[in-house]
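**Student:** Just so you know, the sequences run in chain order A and B.
Going by UniProt numbering, the letters in the first sequence line up with residues 1 to 456, in that order.
Going by UniProt numbering, the letters in the second sequence line up with residues 1 to 456, in that order.
Note that CB positions come from ideal geometry on N, CA and C, so glycine has one too.
Note that the structure is a prediction, hence the values are computed from the model and not measured.
There's a structure below that I have some questions on.
There are 2 protein chains.
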Amino acid sequence: MASIKPSVPKGTRDFSPAEMAKRNFIFDTIKGVFRKYGYQQIETPSMENLSTLTGKYGDEGDKLIFKILNSGDFLAKADEQALATRNSNQATLSISEKALRYDLTVPFARYVVQHQNEITFPFKRFQVQPVWRADRPQKGRYREFYQCDADVVGSPSLLNEAEFIMIYDEALSLLGLKDFSIKINNRKILSGIAQVIDKNDSIIDMTVAIDKLDKIGFDGVVKELLERGFTEADIDQIKPIILLEGTNDTKLASLRSALQSSAIGLQGCNEIQTVFDYVAACTPLTAKLELDITLARGLNYYTGAIFEVKTNEVAMGSIGGGGRYDDLTGMFGLKGLTGAGISFGADRIYDVLEELNLFPQSAEQTTQVLICCFDEQGEKYGLPLLQSLRSQNTNAELYPAGAKIKKQMEYANNKQIPYTVLIGSDEMQSGLLTFKNMESGQQEKLSVKDILSRLK
Amino acid sequence: MASIKPSVPKGTRDFSPAEMAKRNFIFDTIKGVFRKYGYQQIETPSMENLSTLTGKYGDEGDKLIFKILNSGDFLAKADEQALATRNSNQATLSISEKALRYDLTVPFARYVVQHQNEITFPFKRFQVQPVWRADRPQKGRYREFYQCDADVVGSPSLLNEAEFIMIYDEALSLLGLKDFSIKINNRKILSGIAQVIDKNDSIIDMTVAIDKLDKIGFDGVVKELLERGFTEADIDQIKPIILLEGTNDTKLASLRSALQSSAIGLQGCNEIQTVFDYVAACTPLTAKLELDITLARGLNYYTGAIFEVKTNEVAMGSIGGGGRYDDLTGMFGLKGLTGAGISFGADRIYDVLEELNLFPQSAEQTTQVLICCFDEQGEKYGLPLLQSLRSQNTNAELYPAGAKIKKQMEYANNKQIPYTVLIGSDEMQSGLLTFKNMESGQQEKLSVKDILSRLK
């Protein structure tokens, strides 16, 4: 067979042992916190029926769904006319029934509806699985990447929102972040703002403009609002809201005053207040918790709280987000089931921890000790030690006889193994083995018993 | 949108929280043992270039590879002639560049070749990821299932084979199996048998027949050998080998005698002996370790040891297998790199543990305690307890106020939560909360401090 220069498809990645150790550190930490708060793991198939996915992500999203070619003689059932006219879109439906998961949300909605009779509500689930998007690959954007989601469905309580804030706070703190912000907004506040200027139908236009405050400043926002059909009078009225400053309490007080004529706006304020009260009753946060009414992500499906998480230590987009939605499962015929959820951006968190050098060294040390022998006699001598180490649950390896000690040491160094035990003829005679700290280079002569207790 | 009855593609599965807990128990146990023996995790993309996969699994295998339709206007580059003649096979190459991983072995070989300059050899890697096959779905056979592999490449030492036996033994014991067999054979012994009857070219025919001894008995094997062109004289000569009985030592002695004229046959015996010696030097096994010369799986690629693992407690096919191969990476142009590997059949192990009732109850208990309140005052009272529990790393939930206690108890039962704490007006007045063991139904009045220490 001709030799092929091997590679992976563009936008996809291999993960080496060192990278996997770091990724596992992130995923294990987040999963542990999800479990602590009562969230349980599910998994759904990588493939869904194409009909389950299409129409859920907009026209642009539909194009980015990876479709799986039907097996066997797929052309036998292909749409004749679509083939003849080279209409790829139309042909797809006749030669592809399945597609790769595009996110974890739609499969979760499908799961809830399909298994509704087995599920105890409120259903608190988390899911950590890869998703696939036929996006143009670029720095930090991949065609296969993991999503890491927790959602609760069937519970309207705002305690859930408060717990999501605590989950973010605890998980990111455990990962080593020290300065990060959890921003919260509420769709009802945005509705209230639109209501007080009598522009209910323009809420999207309004929030899209306000959302850019960070980037284009107030004057830019004003310009955009004018372009989008808002009047000077409208802008005068919402100016104090857009420029809201001070503590969360101050902001809430100003909002209540500005939104006093809007029942829904006031309800949004009350909801935010309740979430703050829950958090305060539970725990002091490491995070800065910030009411930010310019936050408008996911506005087409969030109906209550909206979250976004950012680190303040590194320039990086959001590392998490979520919110409350009222009709996730409606797309599959189960109406009126309220839910809320959050997501961690694992790839971005990886980059942040790497940049801040926050991965614990232990995350990469999979083997604790390597037993190195000069010859077969040493190997034979070392095997019972190897066994004793493993019996006490110390991860241990013995380098098979026949390699030079230098090569064995390189192996230990490359694999970040912190300790080695050397067994030569002196060691076998005295029963005292050379125990080497690979980081400091320090060597000691120790009995098997002492080595075992050092590594326990 | 019209309501769709949601379902998953045939041959694929959702995993519920209870199933995930059990699956995690299996995977975490096996991964822990892999790590103890110095194996490190990698992951490869779900998609590989189609050219990486085709031609590696035989013609039948190629048909079972799930191909991914090229994105965008794929018909623009489609093979005109293939479309015109409705030649699906030929058309595939022009409309599909990528395919889903069919096993973990070929992607691993691709990984080793692609990253050979970053890898420290011997490279001991494990990999636990799903694979996809367009097989006809049937009981116990899925189109998406996890494989769970460990391989070492770049080390000819038979210590690796011995360690695979110990890995099987330790992992399956930790999973609770008490009576299982690890069968070992060596390709060189089979070559030796073919050599002594001067039928080197018919080794596959011979072993395929011998492999059926269990099912069709000796007379059946004889019949099949005759049909496949072996003579009565051949059969007389190999009869004692096929009917080998007794301890491993007895079998090895008989084999040495029968294979004395075959250098490769004797080498096979020596290799088996060395593996047995290594195991004996390390650890007493729970498993029955059996030399079984009828074992012939993977004969087209294994060149040395061949392994198969079976439970003796339940009727079930093999729950693990593997062997040594000498040219895994040759398909991608890197010659002469020897390797050995094993695989655990996770789905079958799941069924075995289920049938034997071996899953620990704790595997399903994700939340340790549920705090139940009669009203909002109780909720407020319970929040600091909730926080204290989580601070001491007890997985805890508080059922948001507003639900009847009966519903809260059902929630605890369905989620297999072992303890509940009830907070009503009596409890708040006395400071002694009702602590209920959900399995026994027993209730006690305990202070917050006592509850915390009970659940620590």
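Between the alpha carbons of residue 99 of chain A and residue 447 of chain B, how many angstroms are there, rounded?
**Tutor:** Along the first sequence, one-based indexing puts residue 99 of chain A at 99. Along the second sequence, one-based indexing puts residue 447 of chain B at 447. Near 54 Å, if we compare the C-alpha coordinates of residue 447 of chain B and residue 99 of chain A.
**Student:** If I follow the unbroken beta strand (DSSP E) through residue 304 of chain B, where does it start and stop?
**Tutor:** The residue labelled residue 304 of chain B in the question sits at position 304 within the second sequence. Its beta strand (DSSP E) spans residues 302-311.
**Student:** Does the segment 369-383 of chain A come within contact of the segment 407-425 of chain A, defined as at least 3 CB pairs closer than 8 Å?
**Tutor:** yes
**Student:** For my contact list, residue 520 of chain B and residue 146 of chain B are in at a C-beta cut-off of 8 Å; report their separation, rounded to the angstrom.
**Tutor:** One cannot answer for residue 520 of chain B here, as it falls past the ends of chain B, which runs 1 to 456.
**Student:** Are the beta-carbon atoms belonging to residue 186 of chain B and residue 306 of chain B less than 9 Å from one another?
**Tutor:** Within the second sequence, numbered from 1, the residue matching residue 186 of chain B stands at position 186. Within the second sequence, numbered from 1, the residue matching residue 306 of chain B stands at position 306. Yes, Cβ-Cβ distance for residue 186 of chain B and residue 306 of chain B is below 9 Å.
**Student:** Taking 9 Å as the threshold (beta carbon to beta carbon), is residue 27 of chain B in contact with chain A?
**Tutor:** Numbered from its first residue, the second sequence carries residue 27 of chain B at position 27. Taking Cβ atoms only, chain A never reaches closer than 9 Å to residue 27 of chain B, which makes this a no.
**Student:** May I have the straight-line CA-CA distance separating residue 208 of chain A from residue 192 of chain A, to the nearest angstrom?
**Tutor:** Reading the first sequence from its first residue, position 208 is the one you call residue 208 of chain A. Reading the first sequence from its first residue, position 192 is the one you call residue 192 of chain A. The straight-line gap from Cα to Cα measures roughly 16 Å.
**Student:** Leaving out the 5 sequence neighbours to the left and right, which residues in its chain are closer than 7 Å to residue 238 of chain B when beta-carbon positions are compared?
**Tutor:** Taking the second sequence and counting its residues from 1, one reaches residue 238 of chain B at position 238. Counting only Cβ-Cβ distances below 7 Å, and skipping sequence neighbours, we find 193, 197.
**Student:** Is there contact between the segment 330-338 of chain A and the segment 99-117 of chain A, where contact requires at least three CB pairs shorter than 8 Å?
**Tutor:** yes
**Student:** From residue 104 of chain B to residue 416 of chain A, what distance separates their C-alpha atoms?
**Tutor:** Residue 104 of chain B sits at position 104 when you count from the first residue of the second sequence. Residue 416 of chain A sits at position 416 when you count from the first residue of the first sequence. For residue 104 of chain B and residue 416 of chain A, the distance between alpha carbons rounds to 25 Å.
**Student:** Determine the chain A residues that contact residue 7 of chain B at a beta-carbon separation under 9 Å, and present them in chain order.
**Tutor:** Here residue 7 of chain B is taken as the residue at index 7 of the second sequence, counted from 1. The contacting residues are 49, 52, 110, 114.
**Student:** Closer than 7 Å by C-beta to residue 163 of chain B: which residues in its own chain qualify, once you throw out the five before and the five after it? Chain order, please.
**Tutor:** Residue 163 of chain B sits at position 163 when you count from the first residue of the second sequence. Result list for residue 163 of chain B: 37, in chain order.
**Student:** For a quick check, are the C-beta atoms of residue 322 of chain A and residue 174 of chain A less than 9 Å apart?
**Tutor:** Here the question's residue 322 of chain A lines up with position 322 in the first sequence. Here the question's residue 174 of chain A lines up with position 174 in the first sequence. In this structure, residue 174 of chain A does not lie closer than 9 Å to residue 322 of chain A by Cβ.
**Student:** Along chain B, in chain order, which residues have C-beta atoms closer than 9 Å to that of residue 66 of chain A?
**Tutor:** If you number the first sequence from 1, residue 66 of chain A lands on position 66. Chain B residues near residue 66 of chain A: 47, 68, 69, 71, 98.
**Student:** At 4 residues or longer, and completely inside the segment 89-149 of chain A: list those alpha helix (DSSP H) runs for me, N to C.
**Tutor:** Listed in chain order, they are 105-114.
**Student:** Between residue 314 of chain A and residue 355 of chain A, which are expected to be in contact by the criterion C-beta below 8 Å, what is the C-beta distance as a whole number of angstroms?
**Tutor:** As a position in the first sequence, residue 314 of chain A is number 314, starting the count at 1. As a position in the first sequence, residue 355 of chain A is number 355, starting the count at 1. Contact flag correct, Cβ pair sits at about 5 Å.
**Student:** Within 9 Å (strictly less), CB to CB, does residue 269 of chain B reach chain A?
**Tutor:** Mapped onto the second sequence, residue 269 of chain B falls at position 269. Taking Cβ atoms only, chain A never reaches closer than 9 Å to residue 269 of chain B, which makes this a no.
**Student:** What are the start and end residues of the beta strand (DSSP E) that includes residue 325 of chain B?
**Tutor:** The residue you call residue 325 of chain B lines up with position 325 of the second sequence. Its beta strand (DSSP E) spans residues 320-325.
**Student:** Would you mind telling me which residues of chain B sit closer than 9 Å to residue 42 of chain A, beta carbon to beta carbon, in chain order?
**Tutor:** Here the question's residue 42 of chain A lines up with position 42 in the first sequence. Result: 14, 15, 16, 17, 19, 20.
**Student:** State buried or exposed for residue 125 of chain A, treating a residue as buried only when at least 16 other CB atoms are found within 10 Å of its CB.
**Tutor:** For this step, residue 125 of chain A is matched to residue 125 along the first sequence. Buried, since its Cβ has 16 or more Cβ neighbours within 10 Å.
**Student:** Would a check of beta-carbon distances place residue 402 of chain A closer than 9 Å to chain B?
**Tutor:** Numbered from its first residue, the first sequence carries residue 402 of chain A at position 402. So, interface residue.
**Student:** Out of B/217, B/13, B/248, which has the shortest C-alpha to C-alpha gap to residue 183 of chain B?
**Tutor:** For this step, residue 183 of chain B is matched to residue 183 along the second sequence. That would be B/248, whose Cα lies nearest to the Cα of residue 183 of chain B.
**Student:** At what residues does the beta strand (DSSP E) containing residue 47 of chain A begin and finish?
**Tutor:** The sequence position of residue 47 of chain A within the first sequence is 47, counting from 1. Start and end: 47-49.
**Student:** Under the three-state reduction of DSSP, which class applies to residue 2 of chain A: helix, strand or coil?
**Tutor:** Position 2 of the first sequence holds residue 2 of chain A. Reliability fails at residue 2 of chain A, whose pLDDT of 47 lies under 50, so the model's placement of it is uncertain and the value that follows must be treated cautiously. If DSSP states are grouped into helix, strand and coil, residue 2 of chain A belongs with coil.
**Student:** Look up residue 162 of chain B in the DSSP assignment and say whether it is helix, strand or coil.
**Tutor:** Along the second sequence, read from residue 1 onward, the residue named residue 162 of chain B stands at position 162. Residue state, collapsed to three classes: helix.
**Student:** Under the DSSP definition of a beta bridge, which residues are partnered with residue 398 of chain B?
**Tutor:** Within the second sequence, numbered from 1, the residue matching residue 398 of chain B stands at position 398. In DSSP, residue 398 of chain B forms a bridge with B/371.
**Student:** From the DSSP output, in three-state form, read off residue 201 of chain A for me.
**Tutor:** Position 201 of the first sequence, counted from the start, is the residue given in the question as residue 201 of chain A. The answer is helix: DSSP assigns residue 201 of chain A an H, G or I state.
**Student:** Quick one: does residue 332 of chain A have its CB under 9 Å from some CB of chain B?
**Tutor:** Walking along the first sequence from the start, residue 332 of chain A turns up at place 332. Yes, residue 332 of chain A lies at the interface with chain B (some Cβ there is under 9 Å from its Cβ).
**Student:** Between which residues of its own chain and residue 77 of chain B is the CB-CB distance below 7 Å, once the five residues before and five after are set aside?
**Tutor:** Position 77 of the second sequence holds residue 77 of chain B. Same-chain partners within the cutoff: 94.
**Student:** Determine the contact status of residue 392 of chain A and residue 452 of chain A, defining contact as a CB-CB distance below 9 Å.
**Tutor:** Counting from one through the first sequence, the residue named residue 392 of chain A turns up at place 392. Counting from one through the first sequence, the residue named residue 452 of chain A turns up at place 452. Yes, the pair counts as a contact, with Cβ atoms nearer than the cut-off.
**Student:** State the beta-bridge partners of residue 343 of chain A as determined by DSSP.
**Tutor:** By 1-based counting over the first sequence, the position of residue 343 of chain A is 343. Paired residues: A/149, A/321.
**Student:** Between residue 153 of chain B and residue 339 of chain B, how many whole angstroms is the CB-CB distance? I'm expecting something under 8 Å.
**Tutor:** For the purposes of this step, residue 153 of chain B is identified with residue 153 of the second sequence, where counting begins at 1. For the purposes of this step, residue 339 of chain B is identified with residue 339 of the second sequence, where counting begins at 1. So it is a contact: roughly 4 Å between Cβ atoms.
**Student:** If the criterion is Cβ atoms closer than 9 Å, does the pair residue 169 of chain A and residue 286 of chain A meet it?
**Tutor:** The sequence position of residue 169 of chain A within the first sequence is 169, counting from 1. The sequence position of residue 286 of chain A within the first sequence is 286, counting from 1. In this structure, residue 286 of chain A lies closer than 9 Å to residue 169 of chain A by Cβ.
**Student:** Using a Cβ cut-off of 8 Å, pull out every chain B residue sitting near residue 414 of chain A, in sequence order please.
**Tutor:** Counting from one through the first sequence, the residue named residue 414 of chain A turns up at place 414. The contacting residues are 120.
**Student:** Can you give me, in chain order, the residues of the segment 359-377 of chain A that have a beta carbon less than 9 Å from any beta carbon in chain B?
**Tutor:** 366, 367, 370
**Student:** What are the boundary residues of the alpha helix (DSSP H) that includes residue 36 of chain A?
**Tutor:** Walking along the first sequence from the start, residue 36 of chain A turns up at place 36. From DSSP, the alpha helix (DSSP H) with residue 36 of chain A extends over 17-36.
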